[in-house]
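J.: In our numbering, the protein residues as written are 11 to 955.
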Amino acid sequence: MDYNFNEIEAKWQEYWREHHTYRCSNDSVKPHYYVLDMFPYPSGAGLHVGHPLGYIASDIYARYKRLRGFNVLHPMGYDAYGLPAEQYAIQTGQHPAITTERNIARYREQLDKIGFSFDWEREVRTCDPDYYKWTQWTFIQLFNHYYDTELNKAMPISRLVEKLESGEETVAGDKEWKDLSEAEREEYLMHFRLAYLADIPVNWCPELGTVLANDEVVNGLSVRGGYPVERKLMRQWSLRITAYAQRLVDGLEQVDWTDSLKEIQRNWIGRSEGAALWFPLAGSKPTPPEEILMGQINTKEETSFEIFTTRPDTIFGVTFMVLCPEHEMIDQITTPEQRAAVEEYVTWAKNRSERERQAEVKKVSGVFTGAYAINPLTGEHIPIWVSDYVLAGYGTGAIMAVPAHDSRDFAFARHFHLPIRQVVAMDPSQLTDPSTWEESLDSKTGVCVNSGFITGMKVKDAMKAVINKIEEMGIGYKTVNYRLRDAIFSRQRYWGEPFPVYYKDGRPCTIPEECLPLLLPDVKEFKPTATGEPPLGHATVWAWDEVGRRVVENSRIDNKTVFPLELSTMPGFAGSSGYYLRYMDPHNNEAYFSSQAVNYWQNVDLYVGGAEHGTGHLIYARFWNKFLFDLGLSVKEEPFQKLVNQGMIQGRSNFVYRDKENTNLFVSKNIEGRAERTVPIHVDINIVNNDILDIEKFRQWRPEFANAQFELEDGKYVCGWEIEKMSKSMYNVQNPDDLVSRYGADTLRLYEMFLGPVEQAKPWDTNGIEGVFRFLKKFWKLFENRTEGAADKAAMKVLHQTIKKITDDIERFSFNTAVSTFMICVNDLSGMESVSVEVLEKLAVLIAPFAPHIAEELYHQLGHEESVCVAEWPEYDPQMLVQDSFTYPVSFNGKMRFTLELPVGISQEEAVAAVKADRVGQKWLDGKEPKRVIFVPNKIINVVI
RNA sequence: GCUCUGGUGGUGGAAUGGUAGACACGAGGGACUUAAAAUCCCUUGCCCGCAAGGGCGUGUGGGUUCAAGUCCCACCCAGAGUACCA
């Protein structure tokens, strides 16, 4: 009987479904193990071969863990809210719920064909009200909590209110809590809530009609769609993720992730230590330097401003100050003579798009305000400038500029001919004139010069000395700044979770938790309204009735008991931030997940997904989890213990070469002079086999090629190739379904693993798939040629070597070498007369994680009634691997010359004697006595002469 | 610019300081077949040589070591991330 993969795969997929083979229980005496894939966004294009790569790897590991006796949680679901479905809805009028449903069905079909061991009974969809109920619930908790910097955790906002009422905590500013109006109190609390509403500069994308988070913008363009993004001040919901910045940095120590991903996260969080420092403004009457040095500085905002620096040691080198164009003091300090110029500059700078600004980073621009600040350590007057190289969102939006030791300040000083003063030197005895420098000296090593009381100190010591000094003077303090910004949480879109929020006199209130979920309303149109409101502005039943505790018609809004609901929806990362917890207990209607479930599963043991989520999802999910941890819901501070990034599968494009003159003529790749006279054109990889073009299919491919002429080589048309992104426009997309129908799912699974290390980016190339397919056919044949008799020694040895290697390889996620090991094993066994059932049934179990269908079929053919999925993983017997002899490589001066088979357990003396006795050994010794011999038992003999 | 990852045959890759190129593809040759497909066998890093054998060889240049693809230093190249972050 031939290996009929179609029949076998359909049969066992049906069996697994019927028998709920992959159903997993929360109640087990077995040890638990949680293997999770990053759930996909179900796009209209369906899966291509790149998507399943990680799923196959995690599936192998999940199946392996089950065979090792673990209760394995291995779920799958859909990140179903998102922009593409909505863009499609705007274009076609199709409701995103319908297209999403359709896309999910297609994904499911494709995933099922590959034979994954997901427990589909735990499926989670972010757009499902039973799920987003808990996303909304978490939002309410975030709204009702603040970050207590003393306890270092989130605490109920009611606690803060109590403290304010009791006077334990005081309100910043002149007023006291009891004197504040209701509205002022609410406004004040907004500065503490972990989900808060604020006027902040946001990334506004006019094309998409929405704001975007920082990680959704790259180079001033939206990640989705590539549309331009501008800065705009808008009132938006944000999550105070910055409160967790330090814990997000610290947590990286506890997890088993790659160094590169940890580094990406550290860079994104961007922790930097330095000092905050007040610079007083020079008034009409400059403060006498003695008074400044005595710390008599007014740190009131009208007369001074705060800067942040990582280089307090360079304070003696400050020659100007710079404010960002958004800085609130500009208006106040600008002198009448400079006012026109400053206003012009600020207007210009604010109206620049993010893209323009970033594209012209090298261009220096700025304007002098006419005002001066006083250097608190020297008493010097320092001009204050405005420039957009200082960013509003980082630090305090104001800097002290030290052009000699900061490359940006240096460029600015050169452009505007401002003085440059050296205060750090690598060698203080060899100072050069800074006006001759070509670049600044940014190094944090070296010694201070021209720096008052810190002159002669090393930079590191000087930093501490200056911080001590300013703290003593009461004009500054040591502090830490983060590059990480709070996450903007509003989207002016339809297809997302509605906020459980309504507005009373413009103040946000959350709807009662018992009333969740707040369902996404129906709308007629998915575009913004005529008045520029988000799509939910089209909803006619979108008001909250406080008395009836339900959503009612907008017409009933009276702002007494019926109020308007929030019109924005939540971003994509809302639903994907806590989904891994929901899988633990997906049908719970009373809670996000039960404490029993989370106490059993704890956190994700193995998370597999792309590194492109390093600055987005993986930060948000860690934040979300930490918040739930503070609430006592999740039980581990870090959600994902081990994380494996699967590498991107790149496309391998094929090209035909069209003659420049005769555009109907195509020249084969290796014909002389081809490069000069032709242009390469992408050709569909599905009509190319091993770089040979199928000419007939090419003529049918597109009408303009129907009468194509060819210049062939050896009767064939050879195509060129290149590695590019896998994309429709390059005709290099490989659909897994085609391969499954041609070779079967088991071949596809093995081949994707065989391609190379999981973590490595690699081009997709079907050229090798035949080899894997051949292997499975040989594997199948091995079982046809079986014997009931006892296994012979040679076969047992091959088996146990294979068990050992496969087990090791799976443990270290080296699936490509595992596949080679199976090939070697089958090649060895195929050379034997017949193979014992005893050996074969263990092989069937070994291969089950990789190729579950063929394993299941063969396992049953051997007479087993139960699924191979519940079999026991074979243990290797070290006794079987014991060798009588070892073939030593014999080296002379480190160069391998010949091999010598010697008994194991031989001594160095015996080994040397054997080398001396050997004919080839004698030749290399050339009559000399070895100076030294390195003998490593069962490894090597190295003779030094 | 900075950070990270990588650089090994025609190709994908293997080799946890100890025989570089496992395994597979492709290519060449052969068997079976009327023929094709499928299958099987042999060869396949480069150079010299009929062969035996020898020389060279893991981006480049140094170093450590009995021994380096692997460790250290410097540089070159490619890919990814990030970018006026004070």
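Every residue gets a Cβ at the ideal spot worked out from N, C-alpha and C, and that includes glycine. Since the model is a prediction, treat every value here as computed from it, not as a measurement.
Please confirm whether Ala-115 and Pro-106 have their CB atoms less than 8 Å apart.
T.: no
J.: Can you tell me where the alpha helix (DSSP H) holding Asp-122 begins and where it ends?
T.: Membership of Asp-122 in the alpha helix (DSSP H) is indicated by the continuous run 106-123.
J.: Quick check for students: name the residue ranges of the alpha helix (DSSP H) that lie wholly in the region 393-473, counting only runs of 4 or more.
T.: 417-426
J.: Under three-state DSSP, which class holds Gln-368?
T.: helix
J.: Quick test of your reading: Leu-93 and Arg-503, contact by CB under 8 Å. State the CB separation rounded to the nearest angstrom.
T.: 7 Å
J.: Identify every residue that forms a DSSP beta bridge with Ser-282.
T.: For Ser-282, which the question treats as bridged, DSSP gives the partners Asn-491.
J.: Mind listing, in chain order, the continuous beta strand (DSSP E) runs of no fewer than 3 residues lying wholly within the region 876-942?
T.: Counting only runs of 3 or more, we get 895-902 and 905-913.
J.: What residues are listed by DSSP as bridge partners for Asn-655?
T.: Gly-619
J.: Rounded to whole angstroms, how far is the Cβ of Gly-456 from the Cβ of Met-436, which I believe are closer than 8 Å?
T.: Cβ atoms of Gly-456 and Met-436 come within 8 Å of each other, at about 5 Å.
J.: Could you tell me which of Arg-245, Met-244 and Gly-230 sits nearest to Pro-238, measuring between CA atoms?
T.: Gly-230
J.: Run through DSSP, which three-state label would Val-829 get?
T.: helix
J.: Taking buried to mean at least 16 other C-beta atoms within 10 Å of its own C-beta, is Tyr-88 buried or exposed?
T.: buried
J.: Pick helix, strand or coil for Arg-234, following the three-state DSSP scheme.
T.: DSSP places Arg-234 in the coil class of the three-state scheme, outside both helix and strand.
J.: Checking the sheet assignment: what are the DSSP bridge partners for Phe-149?
T.: None, per the DSSP bridge assignment.
J.: Where does Asn-948 land, buried or exposed, given buried means 16+ other C-beta within 10 angstroms?
T.: Under this definition Asn-948 is an exposed residue.
J.: Between which residues of its own chain and Pro-518 is the CB-CB distance below 7 Å, once the five residues before and five after are set aside?
T.: Leu-207 and Val-511
J.: Using CA atoms only, rank isn't needed, just tell me which of Ser-270, Asn-680 and Ile-251 is closest to Lys-726.
T.: Asn-680
J.: Which partner residues of Tyr-512 appear in the DSSP bridge assignment?
T.: The beta-bridge partner set that DSSP reports for Tyr-512 consists of Cys-519 and Leu-575.
J.: Any idea if Val-954 is buried or exposed, counting beta-carbon neighbours within 10 angstroms, 16 or more meaning buried?
T.: exposed
J.: Short of 7 Å in beta carbon distance, which residues of its chain neighbour Glu-24, apart from the five on each side in sequence? Order them along the chain.
T.: none
J.: Ordered along the chain, which non-local residues of its own chain (more than five positions away) have a Cβ less than 8 Å from that of Leu-451?
T.: Scanning its chain for C-beta atoms nearer than 8 Å, with the 5 sequence neighbours on each side dropped, one finds around Leu-451 the residues Ala-414, His-415, Gln-432, Val-434, Ala-435 and Met-436, in chain order.
J.: If you draw a straight line from the C-alpha of His-42 to the C-alpha of Leu-935, how long is it?
T.: 60 Å
J.: Going by DSSP, name the residue or residues bridged to Asn-664.
T.: By DSSP's assignment, Asn-664 forms a beta bridge with Val-693 and Trp-731.
J.: For Val-829 and Gln-811, what's the separation of their Cα atoms in angstroms?
T.: 14 Å
J.: Should the region 63-73 be regarded as contacting the region 653-673, the criterion being three or more beta carbon pairs within less than 8 Å?
T.: Yes, they touch.
J.: Assuming Phe-665 and His-692 are in contact, meaning their beta carbons sit under 8 Å apart, how far apart are those beta carbons, in whole angstroms?
T.: 6 Å
J.: Taking C-alpha atoms, which residue in Ala-858, Glu-196 and Asn-598 lies nearest to Glu-131?
T.: Asn-598
J.: Within a Cβ cutoff of 7 Å, which residues of the same chain sit near Val-557, ignoring the five residues on either side of it in sequence?
T.: Closer than 7 Å at Cβ, skipping near neighbours: Thr-571.
J.: So Tyr-157 is in the beta strand (DSSP E); what residue range does that whole segment cover?
T.: 155-158
J.: Could you check what DSSP says for Cys-215 in three-state terms: helix, strand or coil?
T.: strand
J.: Return the chain-ordered list of same chain residues with a C-beta closer than 7 Å to the C-beta of Pro-527, the five sequence neighbours on each side being excluded.
T.: Pro-139, Tyr-142, Lys-143 and Gln-146
J.: Short of 6 Å in beta carbon distance, which residues of its chain neighbour Val-892, apart from the five on each side in sequence? Order them along the chain.
T.: none
J.: Would the beta-carbon of Leu-170 fall within 8 Å of that of Phe-202?
T.: yes
J.: Which runs of the beta strand (DSSP E) spanning at least 3 residues fall entirely within the region 523-570, listed in chain order?
T.: 553-555 and 560-562
J.: Please determine if the region 889-908 and the region 853-870 are in contact, where contact requires at least 3 C-beta pairs separated by less than 8 Å.
T.: With a cut-off of 8 Å, the region 853-870 and the region 889-908 do not count as touching, because too few Cβ pairs lie within range.
J.: Do the CB positions of Phe-825 and Ile-325 come within less than 8 Å of each other?
T.: no
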